[in-house]
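Remarks on the structure that follows.
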Ligand SMILES: [Zn+2]
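Numbering (this note's numbering), first residue to last: 50 to 171.
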């Protein structure tokens, strides 16, 4: 089931191929302020359906992760990141983490929230 997502002003829209089994809340300094609930996809499962120039990128810390946000309304939208599941960045295995709070017509309350302790991990 394709899920469509949009930022508040709809200048940024995207689609993912399926509902997430779980979403992640990260306690790191960035995510705790942004409030995103992350859902992870491969690049093939993600499609940006609005102009790329409406996305602005923020990078911090190691600068290996590109945090996108809407250039118009500021909503955190999606992030391009290497795979970190081994603890080291795997640039051959890129992931797109999308802010599931932007999903339209989707009941996020039914999805399990996994908390990761980013505050102490990075
Ligand atoms: Zn926007």
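Glycine included, each C-beta is placed from N, C-alpha and C at the ideal position.
request  = Give, in chain order, every unbroken run of the alpha helix (DSSP H) that is at least 4 residues long and sits entirely within the segment 57-115.
outcome  = Here the runs fully enclosed are 78-83.
request  = Confirm, please, whether the CB-CB distance from residue 127 to residue 106 is below 8 Å.
outcome  = Taking 8 Å as the Cβ cut-off, residue 106 and residue 127 do not qualify as a contacting pair.
ask   = For residue 147, which beta-bridge partners are listed by DSSP?
value = 88 and 127
ask   = Between residue 121 and residue 71, is the Cβ-Cβ spacing less than 8 Å?
value = No, the pair does not count as a contact, with Cβ atoms beyond the cut-off.
task = Look up residue 139 in the DSSP assignment and say whether it is helix, strand or coil.
result = Correct three-state label for residue 139: strand.
request  = Use the C-beta contact count for residue 88: other C-beta atoms within 10 angstroms, 16 or more gives buried, fewer gives exposed.
outcome  = Flag for residue 88 reads buried.
Inter-residue spacing [alpha-carbon to alpha-carbon] between residue 55 and residue 77 = Approximately 24 Å between the Cα atoms of the pair.
inquiry  = Looking only at its chain, what residues have a beta carbon closer than 6 Å to the beta carbon of residue 161, apart from the 5 residues adjacent to it on each side?
reply    = 71
inquiry  = Within a Cβ cutoff of 6 Å, which residues of the same chain sit near residue 140, ignoring the five residues on either side of it in sequence?
reply    = Here the set comprises 131.
request  = With a 10 Å radius around its C-beta and 16 neighbouring C-beta atoms as the bar for buried, classify residue 58 as buried or exposed.
outcome  = exposed
Integer-rounded CB distance, given that residue 86 should sit under 8 Å from residue 149 = 5 Å
ask   = Taking the alpha carbon of residue 101 as the point to measure from, which residue in 75, 81, 62 and 165 has its own alpha carbon closest?
value = Nearest option by C-alpha distance: 62.
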